[in-house]
Amino acid sequence: MRIAIFSDIHANLPAFEEMLADMDSRPVDAVYCLGDLVGYNVWPNHIIAEMQRRKIPCIAGNHDVKVDGLVTTDESLKEPGKKYAYHLIDEPGRKYLLTLPRHIRLEHNINAKPLNIVLAHGSTRSIDEYVLADTDEAYVLELMAEANADVLCVGHSHKPYYRAIIDEHGNKKHIINTGSVGKPKDGNPKGCYALLIIEPNASSGNGALLAVEFIRFDYDIAKAARAIEDSPLPNEFAEMLWQAK
Amino acid sequence: MKIALFSDIHANLPALEAFFKDVESRNTDAIYCLGDLVGYNIWPNEVIDEIRKRGIPTIAGNYDWGIGRSSDDCGCAYKTDEEKAMGKVSISFTNEIVKDEQRNYLRTLPAHIRLEYQLNEEKFNVLLVHGSPRKVNEYLFEDRDEKSMLRIMTDANADIMCFGHTHQPYHRILNSGTDGNDHFRHAINIGSVGKPKDKDPRGGYVILTINPDSALNNKDSIQVEFVRFDYDIEKAAKAVEDSPLPDGYAEMLRKG
């Protein structure tokens, strides 16, 4: 089973289109999105429409829930600042974002061994908590035990990594940050998403084998940056796309 | 959020193709498959490939479970000797024609998918299973005792539970609230795309609607729509008759 997982598109349509083209060129059995479709750029409605057209299962990110209670007037659409990115979102788009689930759990049982894959935007505790490559091991294990997760897939930090931690019972716990499609912050301006590959463990006949691949893809950064500069959004958002920070 | 839920295709490619055509015309936002892709017809590989091609999140049904492990047991509750004999032909035929790659896909499907919602400070779960949360091949019929149904749902921490397996669609709303505080739970059997058993031979699936104001104390705030669609039943039935599968399966498709 090959599962594509992507996150943090942040209204960056040129990046999203390249990611979809890349994903469509590979053998992939299932696709999930970890949220933050919107914010920081001008194409939130295009992103949402394409997610709906493809019916990709998606959870809510912290930016997606910013439309909760948001009042938009003609004036707010002219005001310079970062809020423009949310005011832009049309009514059906807001309704879509507000009815996204917070987590998706995939409960496997492969070779008679349970394997729970939990998808969350920040962490299972909070939509805007960062689970980083160097977050304390004991803390991550506690978080995963509480969520009954063997594999935790998150986004939010825009910094991709894969780490495995052995818990007190000798079980391997896997944590995957899928990075960001449209706003990388790891110094590499290319877009990023992850492939999670699950195979039954043939050698031991027990449980499953997991592999994680990160895919980086080029996209038209100039186009995405120019769209920001030509909008009421702060110009430093454009610079951040080039710098990937 | 409109969520399309379909299951029990049972290797019926004409029905699956008609389903995709129908669901594409209805503006749903997400789609999930609740298993039993294979068995009883000649297109198991094609059905698997159509679902994989679209990246649709799918859980394993009892038939998928059996074929994924090259087992000759699909966990089906056949009642008569005739049914048992027919079932034997179907699973050995399916095991014969399913290819390695497709079998591997079936083997690594999850057993359940859970969507954890948080709307207006209220948490609730949508649980997708094939038969029941306890067992992939347990039948949850509409006339199941209310207490037993509620116990299954509370044990599984499911507020909205969607399942297939019986091929007979229904929506039951049960109240597990106490002290006058309503807590409505929804048990939804989504019917069957490729082998209906409710006397209506058309394919069936469900569209579940979650609204920004959906709440557990308001039973009408969560909507369930049962969709039926026509498909080329004769093509599917003929395929059965022209194969080593027992002709009885063709008759079942014509009669529903």
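If you read the protein sequences in the order shown, they are chains A and B. Take 1 as the starting number for the first sequence in my numbering and just add one per residue. Take 246 as the starting number for the second sequence in my numbering and just add one per residue. In this text, a Cβ means the ideal position worked out from N, Cα and C, and glycines have one as well. All of these numbers come straight from a predicted model, not from anything done at the bench.
Q) Name the DSSP bridge partner or partners of P114 (chain A)? A) Residue pairing by DSSP puts P114 (chain A) in a beta bridge opposite A:N109.
Q | chain B contacts from the region 90–108 of chain A (Cβ-Cβ distance under 9 Å) | A | The residues in question are R94, K95, Y96, L98, T99, L100, P101, R102, H103, I104, R105, L106, E107, H108.
Q.
Please classify P14 (chain A) as buried or exposed, where buried requires at least 16 neighbouring CB atoms within 10 angstroms.
A. With at least 16 other beta carbons inside 10 angstroms of its own, P14 (chain A) counts as buried.
Q: Identify whether T178 (chain A) lies in helix, strand or coil by the three-state DSSP scheme.
A: Three-state result, T178 (chain A): coil.
Q: For P247 (chain A), write down the residues that DSSP places opposite it in a beta bridge.
A: As displayed, chain A neither begins before 1 nor continues past 245, which places residue 247 (chain A) out of reach and without an answer.
Q: Flag A211 (chain A) as yes if its beta-carbon sits less than 8 Å from any beta-carbon of chain B, otherwise no.
A: No, A211 (chain A) lies away from the interface with chain B (no Cβ there is under 8 Å from its Cβ).
Q: Give the straight-line distance between the Cα atoms of E146 (chain A) and V140 (chain A), rounded to the nearest whole angstrom.
A: Whole-angstrom Cα-Cα distance: 10 Å.
Q: Drop a sphere of 10 angstroms on the beta-carbon of S204 (chain A), count the other beta-carbons inside from all chains shown, and report buried for 16 or more, exposed for fewer.
A: S204 (chain A) is exposed by the Cβ-count criterion.
Q) When you compare only the Cα positions, how much space is there between G280 (chain B) and K95 (chain A)? A) Straight-line spacing of the CA atoms in G280 (chain B) and K95 (chain A) works out to 29 Å.
Q | Alpha-carbon to alpha-carbon, R105 (chain A) and I342 (chain B) | A | Answer to the nearest angstrom: the Cα atoms are 32 Å apart.
Q | G409 (chain B), DSSP secondary structure in three states | A | DSSP places G409 (chain B) in coil when its eight states are reduced to three.
Q.
Determine whether the beta carbon atoms of V65 (chain A) and I127 (chain A) lie at a separation below 8 Å.
A. The answer is yes: Cβ separation under 8 Å.
Q: Within 10 angstroms of the Cβ of K82 (chain A), are there 16 or more other Cβ atoms? Answer buried if so, exposed if not.
A: When all chains shown are included, K82 (chain A) counts as exposed.
Q | Top-ranked residue by Cα proximity to I197 (chain A), from A:G191, A:L210, A:K55, A:D186 | A | Comparing Cα-Cα distances from I197 (chain A) to each of A:G191, A:L210, A:K55, A:D186, the minimum goes to A:L210.
Q) How about V154 (chain A) and N171 (chain A): are their beta carbons less than 8 Å apart? A) A distance of 8 Å or more separates the beta carbons of V154 (chain A) and N171 (chain A).
Q: Using only alpha-carbon positions, find the residue among B:G425, B:D445, B:G449, B:T303 that is nearest to I435 (chain B).
A: Per the Cα distances, B:G449.
Q | Test item: CB-CB of V42 (chain A) and A11 (chain A) under 8 Å | A | At the C-beta level, V42 (chain A) and A11 (chain A) come within 8 Å of one another.
Q) Going along chain B, which residues have a C-beta under 7 Å from I110 (chain A)? A) Those within 7 Å of I110 (chain A) in chain B are T353.
Q: Measure the beta-carbon distance from A305 (chain B) to H375 (chain B) and round it to whole angstroms, keeping in mind my assumption that it falls under 8 Å.
A: Rounded to whole angstroms, the Cβ separation of A305 (chain B) and H375 (chain B) is 7 Å, and the two are in contact under 8 Å.
Q) Taking the runs of the beta strand (DSSP E) that are 3 residues or longer, which of them lie wholly in the region 119–177 of chain A? A) Note on the region 119–177 of chain A: whole beta strand (DSSP E) runs with a minimum of 3 residues are 151–154, 161–166, 172–177, in chain order.
(Q) Using C-beta distances below 7 Å, list every residue in its chain close to D220 (chain A), excluding the 5 sequence neighbours before and after it, in chain order. (A) Same-chain partners within the cutoff: P14.
(Q) 8 Å is my cut-off, CB to CB: does I198 (chain A) come that close to chain B? (A) At least one chain B Cβ lies under 8 Å of I198 (chain A).
Q.
Just checking: is the beta-carbon of H357 (chain B) within a distance shorter than 8 Å of some beta-carbon in chain A?
A. True, the Cβ-Cβ gap to chain A drops below 8 Å.
**Q.** Backbone secondary structure at I287 (chain B) - three-state DSSP
**A.** Three-state DSSP puts I287 (chain B) in coil, outside helix and strand.
Q: Just the C-alpha distance for P585 (chain B) and Q347 (chain B), rounded to the nearest angstrom, thanks.
A: No statement about residue 585 (chain B) is possible, as the shown extent of chain B runs from 246 to 501 and does not include it.
Q: Report the residues of the region 436–461 of chain B with a CB closer than 7 Å to any CB of chain A, ordered along the chain.
A: For the region 436–461 of chain B, which is checked against every Cβ of chain A, the residues closer than 7 Å are I455, N456, P457.
Q: Confirm, please, whether the CB-CB distance from I312 (chain B) to T303 (chain B) is below 8 Å.
A: No, the pair does not count as a contact, with Cβ atoms beyond the cut-off.
(Q) If distances are taken between C-alpha atoms only, which option among A:G179, A:L34, A:E137, A:G182 comes closest to K173 (chain A)? (A) Ranking A:G179, A:L34, A:E137, A:G182 by Cα distance to K173 (chain A) puts A:E137 first.
Q: Find the residues of chain B that neighbour D29 (chain A), judging by a C-beta separation of less than 8 Å, and give them in chain order.
A: Residues of chain B passing the Cβ test: R297, G300, Y350.
Q. Roughly how many angstroms separate the alpha carbons of I287 (chain B) and A256 (chain B), rounded to a whole number?
A. I287 (chain B) and A256 (chain B): Cα-Cα distance of roughly 6 Å.
Q. Going by the beta-carbon positions, is the gap between R430 (chain B) and S437 (chain B) smaller than 8 Å?
A. The answer is no: Cβ separation not under 8 Å.
(Q) Looking at M331 (chain B): is its Cβ nearer than 8 Å to the Cβ of P446 (chain B)? (A) No, the Cβ-Cβ distance between M331 (chain B) and P446 (chain B) is not below 8 Å.
**Q.** Minimum Cβ-Cβ distance from M1 (chain A) to chain B less than 8 Å
**A.** It does: the Cβ of M1 (chain A) has a partner Cβ on chain B nearer than 8 Å.
Q. In terms of DSSP beta bridges, what is Y32 (chain A) paired with?
A. Answer is A:I5.
Q. What are the residues that DSSP puts in a beta bridge with F251 (chain B)?
A. As a beta-bridge residue in DSSP terms, F251 (chain B) pairs with B:C278.
Q: Quick one: which residues of the region 462–475 of chain B get their C-beta closer than 8 Å to a C-beta of chain A? List them in chain order.
A: Residues are counted here when their Cβ sits less than 8 Å from a Cβ of chain A; for the region 462–475 of chain B the count is zero.
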